[in-house]
Structures are given as C-alpha cells and as structure tokens.
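**Q** Let me begin by handing over the structure; questions about it come next.
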Amino acid sequence: MKALNIKKIALIATLVSGNLMAFHVNAQTNLITSFSPITGTASGFTLNSGTSLGQNRLSVDTNTISFTSGHSYVLSFNLNNSVSNASSIVMLSPFGSIAFAASTTAGAKSYTFTSSTTSSKINFNYDNGTVGTFSLANILLVDNTGGGGGGGGGGGGSSVSSANTQSSLVNTASVLQGIYTLQNSVLANSFSYDCALFDKNNVCISAGGRNTAVSAENGLNNTSVLLIAAYRLHPNYRIGAYADQNLSVNNAGSTVNLGNNTPLIGLFGAWNERLDGTGTEVKVSAAYGQKNTTVSRQVVGTSEAGSGGSQLNSQGAQVTAKYGFGVMRDVIVSPYIGVRYTQNNMGGYTEATNSSVTTPLTYSALNTNATTALVGAGATYRVFPQAMLFASAGVETDTNTSNGTYSATGISGLTPINFNANPVKTRPTATLGATYDVAKNQRLGITGVYRQEPYQSVSTTTVMATYTVGL
Numbered sequence: 001m002k003a004l005n006i007k008k009i010a011l012i013a014t015l016v017s018g019n020l021m022a023f024h025v026n027a028q029t030n031l032i033t034s035f036s037p038i039t040g041t042a043s044g045f046t047l048n049s050g051t052s053l054g055q056n057r058l059s060v061d062t063n064t065i066s067f068t069s070g071h072s073y074v075l076s077f078n079l080n081n082s083v084s085n086a087s088s089i090v091m092l093s094p095f096g097s098i099a100f101a102a103s104t105t106a107g108a109k110s111y112t113f114t115s116s117t118t119s120s121k122i123n124f125n126y127d128n129g130t131v132g133t134f135s136l137a138n139i140l141l142v143d144n145t146g147g148g149g150g151g152g153g154g155g156g157g158s159s160v161s162s163a164n165t166q167s168s169l170v171n172t173a174s175v176l177q178g179i180y181t182l183q184n185s186v187l188a189n190s191f192s193y194d195c196a197l198f199d200k201n202n203v204c205i206s207a208g209g210r211n212t213a214v215s216a217e218n219g220l221n222n223t224s225v226l227l228i229a230a231y232r233l234h235p236n237y238r239i240g241a242y243a244d245q246n247l248s249v250n251n252a253g254s255t256v257n258l259g260n261n262t263p264l265i266g267l268f269g270a271w272n273e274r275l276d277g278t279g280t281e282v283k284v285s286a287a288y289g290q291k292n293t294t295v296s297r298q299v300v301g302t303s304e305a306g307s308g309g310s311q312l313n314s315q316g317a318q319v320t321a322k323y324g325f326g327v328m329r330d331v332i333v334s335p336y337i338g339v340r341y342t343q344n345n346m347g348g349y350t351e352a353t354n355s356s357v358t359t360p361l362t363y364s365a366l367n368t369n370a371t372t373a374l375v376g377a378g379a380t381y382r383v384f385p386q387a388m389l390f391a392s393a394g395v396e397t398d399t400n401t402s403n404g405t406y407s408a409t410g411i412s413g414l415t416p417i418n419f420n421a422n423p424v425k426t427r428p429t430a431t432l433g434a435t436y437d438v439a440k441n442q443r444l445g446i447t448g449v450y451r452q453e454p455y456q457s458v459s460t461t462t463v464m465a466t467y468t469v470g471l
C-alpha cells in the first residue's frame, strides 16, 4: 500500500440552529491534506450558524487529489455516534457516490473503490436531521494498489497497510504504558525499602516477597523476592543495600514480555536524630534495574505480526526528610517532604524478518523521565509492646517530565505516537502496614501501597511481606 502526505487535520465545531454538531478530522496517513466548506461562512475549519447549508447539515470538500485510474483506494473513518433518519453521503465529486447510508451505526467504517479518474475531491455531505452531535475521526484515504497515484512516497506494491500498521502501533503503545507503569512503580516503591532492626553486631537482614499489580491492564502483575541488608555505623546512622528479583511476570495477551534475568538493585542511607522515631530523619535511596523485553505486534487488518526485543532500563534516586511528633502515648505523627527522579529507557531495535514478516519495522528508543516533589504525613501506633500499626498518605507532583514518543520506520506514512498525551501530574499515594516482633531481634512485617500513576485511570497496588533479623 502507498500512504502519502502525512497530516494531522482538525475540522471542529458547527453551531446550527441551536444544535452543536462537531466534525473532527485527525488523519495520520492520508492522501487528504485539507478540507473546506462548500457554501456558507467559514472561519478556518468552523462553519457558523445561518449558512445556506440547511438545518444541521455539514458539507465539506477535501483538497483535489491526484488519483491513478484503475487503482483501488480505501477510505476509512470512525463515527462516534449512530446516525439515524438522516442522509450520510460520501461522494467522489463530481463522479458519483462512494457510500450512502440513511441509517449508520457508530464505529469504524471502511469503503473500497476503484478510481476511474485522475483528479477529484472527496465530498463529505452529512445531514443528521434532528439527531444532534456526532463526529468523524481518523479519516484516511490510501492507495491500496501501490506503484503510483496520490503524489509519490513509498509502498512499491506492498500489501501491508500503513493505516493498519499505525493502529497496531497504537495498541502496542497502550500495552507498553502498562509495562512502564509496572517498572516505574517497582522502582519508586523500592526507595522505601529499609532495615532498621539491629543487635550487638549492628547488622540487619530482611527477606521477603512482593507483588505489584497494574489496575488498567488485564492481569498485569509481577511477583518478586526481596533481600535487604543494612549496617549501623553509629546509633544514628545506617547504610544498606537491597535486591528485588522477579520470579514471574503475568501479562495477559503477551504483546510485551519481560524477562526475569536480572534484579533491581539499590542502595540507601539514613540518619535519625533520635532512636524512638521522634525528631528528624533524612533518607537517601538510589536504584537501577534492567529487564530484557520482547515486543510482538498484534495483527490489525493487513498489518504484520512483527516481533523484536530490547532492554528496558529503570533507574532513579530519592531524598526524603520527615519529622516525628509524639502527639500522645504510643502515637507518632511524621509529616514528610521529598524529591524523586526516575527514568525508564527502552533501546531501539529492528523486528526480525521471516516468512510472515516481509516488512520489518525499526523502532527508536523510548525514553521517559520525571522529577517529582513529594509531600505527606505518616503515623505509627504501638498497639502493644510487640505490635505496631503504621500508615501514611501523600501527594506526588511532577515538576518536570519527558514522556517520550513511540515511533517506527519501515513503512511509509507511520507517525510517532505521544506515549502519554494527557499525563496525570499530581497523584495520591497511600501506605498501610503492621509489624510484629516475634522475638527481641526478629520482626515480621506486612505492607500495602497504593499509587495513582502518571497515565490516565491507571493505578498500582503493591503488597510486601518481610521477615527481619537483627544481628
């Protein structure tokens, strides 16, 4: 397929006789490069009320398109609302109708026609009667034959559709958002790892397990084992390290698979003004993780099931400070502030060629990073000498971000995809947990963490259980 003249076009808003009718165009791979109203007063791509088009009627022409006679063309678009009791006409002006539907349901529409002319316009003539607001999006017109027409560009007769491939990339990007969310959540939560139970040798060792689940994905979660160790240099100072090793990653659909070959590793250091939890505490943490990643594109229409792999690297650091107030017996409240920097980078790669993949794609690196301010408060309550409850709630605000683009080459007409077009920059977090001292130098702990993530309607929940021994 030949796909030419990449444009992003928006045709928005008409208010006719008190009814709002919106007509949106967001073409990504297209022979269509512009629209204009046939009659009526126009301001840019806006039709005003009181035009000669008639009640609730919108009629626009595309630019003049250079067709190749005898070539097959595909016109497709998405209709957001059903249209009933109305005419819905798409015409190859002035050479007759391509499609007509007096009653059309919402969804994706596709029409194939063979051109008998070398120059024409596509006319969208929508009269929705009294239906109300509807819109069209993702309007694509592509040469489905290849080898000419429409004004140049790649294709060479390939049967691989750039429009379908673009849709496949959009689907892959959505799955990758879940993977990046998972890895970033694991990284951010690791900055809370600690080991603060010491004995005469000033050594602390903690082992346990963790499970993190992503709410917006179908079953996406991972399970890891944890090993945390610390050394107390002074009653008020400790340093430590940790390893978070994946045991399994459950990712329904398998578009993106993460390997379990290397752990997330981190370092931390902390200073306490007092040993009872009151006063000032400052903690610094840093971590790095690397995961082999395999990406297998889903087939959409005539797109191919390309597959390739790279490495997803996650790294970052965090500094927090809190002050503990003994507000009543056995209760300490600790407001905190902090700053965190994280980045997640997946290197570029090229898909493998095989009998079913004749046009492999080459991908650019996909990099994201964020600098985030943290504020909140925590509280601890010693229920009895051996048991303690703790909780915290806070807000994270991104002060600087780079959300990256997901882009590929190999087929003419593919366009970069904004990896997070509408980020959630201010987000809540919450933690709830408990510890129980099995012995003087042995402690069992369980912690639950909720995080709203930077992607719309995406959150993560993490549950950790640890057994800590002071030596």
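Mapping the sequence shown onto the numbering used here, position 144 (from 1) lands on 144, and the numbers just tick up by one. Glycine is no exception: its CB is placed at the ideal position from the N, C-alpha and C atoms.
Using 8 Å as the threshold, is the C-beta distance between Thr-114 and Gly-70 below it?
**A** Against a cut-off of 8 Å, the Cβ pair of Gly-70 and Thr-114 comes out as a contact.
**Q** Cβ of Val-186 within 8 Å of Cβ of Ser-303?
**A** No, these two residues do not count as a Cβ contact at 8 Å.
**Q** With DSSP as the reference, label Glu-320 as helix, strand or coil.
**A** Position check: residue 320 holds Thr in this sequence, whereas Glu was assumed. The answer is strand: DSSP assigns Thr-320 an E or B state.
**Q** Could you name the residues that DSSP lists as bridge partners for Arg-451?
**A** Bridge partners of Arg-451: Thr-429 and Thr-460.
**Q** Which residue or residues does DSSP assign as beta-bridge partners of Phe-113?
**A** Its beta-bridge partners are Tyr-73.
**Q** If the criterion is Cβ atoms closer than 8 Å, does the pair Gly-301 and Asn-164 meet it?
**A** Cβ atoms of Gly-301 and Asn-164: closer than 8 Å.
**Q** Is the distance from the Cβ of Leu-248 to the Cβ of Asn-257 below 8 Å?
**A** Reading off the sequence shown, one finds Ser at residue 248, where the question assumed Leu. It is not a contact, given that the beta carbons lie outside the stated cut-off.
**Q** Is it true that the CB of Asn-250 sits closer than 8 Å to the CB of Leu-220?
**A** For Leu-220 and Asn-250, yes; Cβs fall inside 8 Å.
**Q** Could you check whether the region 451-460 touches the region 191-204, counting it as contact only if at least three pairs of C-beta atoms, one from each stretch, sit closer than 8 Å?
**A** Because the criterion of three Cβ pairs below 8 Å is not met, the region 451-460 and the region 191-204 do not touch.
**Q** Just to confirm before moving on: does the CB-CB distance between Tyr-231 and Asn-202 stay below 8 Å?
**A** Result yes, Cβ atoms of Tyr-231 and Asn-202 sit closer than 8 Å.
**Q** State buried or exposed for Thr-112, treating a residue as buried only when at least 16 other CB atoms are found within 10 Å of its CB.
**A** Label assigned to Thr-112: exposed.
**Q** Within 8 Å, do at least three Cβ pairs link the region 338-346 to the region 361-380?
**A** The region 361-380 is in contact with the region 338-346.
**Q** If we ignore side chains and look at the alpha-carbon of each, how far apart do Arg-443 and Ser-296 end up?
**A** Those two C-alpha atoms are separated by around 44 Å.
**Q** Under a CB-based cut-off of 8 Å, is Tyr-455 close to chain B?
**A** The structure shown contains no chain B, having only a single protein chain.
**Q** Checking 8 Å against the spacing of the C-beta atoms, do Ala-229 and Ile-265 come in under that value?
**A** Cβ atoms of Ala-229 and Ile-265: not closer than 8 Å.
**Q** From the DSSP secondary-structure annotation, give me the bridge partner or partners of Leu-312.
**A** Paired residues: Lys-291 and Met-346.
**Q** Hey, quick one: how far does the alpha helix (DSSP H) through Ile-179 stretch, first residue to last?
**A** It spans 162-190 - the alpha helix (DSSP H) in which Ile-179 sits, taken as one unbroken run.
**Q** Would you say Leu-284 and Phe-268 are within 8 Å of each other, going by their C-beta atoms?
**A** This sequence places Val at residue 284; Leu is not what is there. Taking 8 Å as the Cβ cut-off, Val-284 and Phe-268 qualify as a contacting pair.
**Q** Is the region 386-395 close to the region 419-437, with three or more CB pairs under 8 Å?
**A** Short answer: they touch.
**Q** By the three-class DSSP mapping on this structure, what secondary structure does Cys-204 have?
**A** Reduced to three states, the DSSP call for Cys-204 is strand.
**Q** So, at 6 Å on beta carbons, what are the nonlocal neighbours of Pro-416 in its own chain, with the 5 sequence-adjacent residues on each side left out?
**A** So the qualifying residues of the chain are Thr-405 and Ser-407.
**Q** At what residues does the beta strand (DSSP E) containing Gly-240 begin and finish?
**A** Element bounds for Gly-240: 237-250.
**Q** So what does DSSP say about Pro-263, is it helix, strand or coil?
**A** Pro-263 falls in the coil class under three-state DSSP.
**Q** Can you tell me which of Ser-116, Asn-123 and Ala-173 puts its alpha carbon nearest to the alpha carbon of Asn-418?
**A** Out of Ser-116, Asn-123 and Ala-173, Ala-173 has the C-alpha closest to the C-alpha of Asn-418.
**Q** Using three-state DSSP, classify Asn-5 as helix, strand or coil.
**A** Residue confidence is low: Asn-5 scores 34 on pLDDT, short of 50, so the model does not pin down where it sits. No coordinate-derived value is stated.
**Q** Tell me which residue opens and which closes the beta strand (DSSP E) that Glu-351 is part of.
**A** No beta strand (DSSP E) contains Glu-351, which DSSP labels as neither H nor E.
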